[in-house]
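S.K.: Each number in our numbering corresponds to the 1-based position in the sequence shown with 459 added.
The C-beta atom is built at its ideal place from N, Cα and C for all residues, glycine as well.
In this text the structure is predicted, and so the values were computed from the model without any measurement.
Here you go, one structure.
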Amino acid sequence: MIELYTTASPNGFKITIMLEEIQIPYNLNHIKISNGDNKTKDFLKISPHGRIPVIKDTEAEITVFESAAILQYLAEKTGKLLSKNLKTRTQTLQWLMFNSATLAPLLGQRVNYELFEDEKIQLAIQRYQKLSNEAFTTMDKHLATQDYFAGKDYSIADISAFGWMHICQVIDFKFNQHPHLWRWYQQISKRKAVVKGISLPNKAMSA
Ligand SMILES: N[C@@H](CCC(=O)N[C@@H](CS)C(=O)NCC(=O)O)C(=O)O
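Right, dumping it as structure tokens:
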């Protein structure tokens, strides 16, 4: 059994989508960030940086934090959504890392300066708009020549990008001027597992 600790957020959605895609039994534990559930002594034992998502694989006795590491773990465990072909696998892990190391931090800062900070600092707002739009352009160019991030097949790289792109759509950080990225987004948002995954434990903006 997989014990999942999560909330309705870009990184959380990646794992609810993945678990729905691979169809393995899991139990969802709702961590309410606004209540400080992610900073309790017990939670910090499984997630030392105090962030969601985290999983505990109770049979294997393995705990994993960091959404990309969780996606990779679940893909390795089930043999799904991560190709064994060296070229495709490397492509998948490359885009998985791009999403965690480039896209997610830029969007996280953009959300903070555009929506959360009381003082609207134009220099910071413009900087993160510019940098996130550059990331969208790179993704768009890549998707111009292939259906999914790692080629012709849907993979954990797509799930990882979708978590954040879904939040962009919800909060109106526009990316429909990037036609290939927009086509990819619409295609993925129709998947049954994705529709379910983004509703758990709540829809975005209601965590
Ligand atoms: N790099 C981490 C980021 C995790 C993260 O920042 N999660 C957010 C929710 S999306 C969180 O737990 N925030 C709580 C806080 O900042 O106190 C990952 O990909 O899992």
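(1) Which residue or residues does DSSP assign as beta-bridge partners of I514?
(2) With H, G and I counted as helix, E and B as strand and the rest as coil, what does DSSP make of H639?
(3) Measuring CA to CA, which of I584, P469, Y464, F557 is closest to I657?
(4) Is N544 helix, strand or coil by DSSP?
(5) Does ligand 3 have even one heavy atom less than 7 Å from the beta-carbon of G509?
(6) So does the segment 649 to 656 actually touch the segment 603 to 611, counting three or more Cβ pairs closer than 8 Å?
(7) Looking at ligand 1, does it come within less than 7 Å of E525, judged from the CB to the closest heavy atom?
(8) What separation, rounded to the nearest whole angstrom, lies between the Cα atoms of A666 and L463?
(9) On a CA-only basis, which of L552, S542, N544, D501 is nearest S727? Give me that one, please.
(10) Candidates I580, L540, L574, Q568: which alpha carbon is nearest Q591's?
(11) Any contact between the segment 569 to 578 and the segment 593 to 601? By contact I mean 3 or more CB pairs, one from each, below 8 Å.
(12) Does the Cβ of V654 have 16 or more other Cβ atoms within 10 Å, making it buried, or fewer, making it exposed?
(13) Is A563 a contact residue of ligand 1, with contact defined as CB to any heavy atom under 7 Å?
(14) When DSSP labels each residue in this structure, what does Y661 get in the three-state scheme?
(15) Mind checking who N486 pairs with in its DSSP beta bridge?
(16) For I607, which three-state DSSP category applies?
M.R.: Taking the coordinates as given:
(1) For I514, which the question treats as bridged, DSSP gives the partners L463, V523.
(2) Collapsing the DSSP output to three states places H639 in a helix.
(3) It is P469 whose Cα lies nearest to the Cα of I657.
(4) N544 falls in the coil class under three-state DSSP.
(5) What this structure holds is ligand 1, not ligand 3.
(6) Under the 8 Å Cβ criterion, the segment 649 to 656 does not count as touching the segment 603 to 611, having fewer than three qualifying pairs.
(7) Yes - ligand 1 has a heavy atom lying nearer than 7 Å to the Cβ of E525.
(8) Because the pLDDT at A666 is just 48, under 50, the model does not fix this residue reliably, and the value given afterwards should be weighed accordingly. So the alpha carbons of these two residues sit roughly 16 Å apart.
(9) Residue 727 is absent from the structure shown; the chain starts at 460 and stops at 666.
(10) Residue 591 is actually Ser in this sequence, not Gln. Selected option, being the one with the closest Cα: Q568.
(11) Segments in contact, no.
(12) Exposed, because fewer than 16 other Cβ atoms sit within 10 Å of the Cβ of V654.
(13) It does: the Cβ of A563 is within 7 Å (strictly closer) of some heavy atom of ligand 1.
(14) Residue 661 is actually Asn in this sequence, not Tyr. Here DSSP, grouped into helix, strand and coil, assigns N661 to coil.
(15) DSSP lists E462 as partners of N486.
(16) Residue identity differs from the one stated: residue 607 is Tyr in this sequence, not Ile. Three-state result, Y607: strand.
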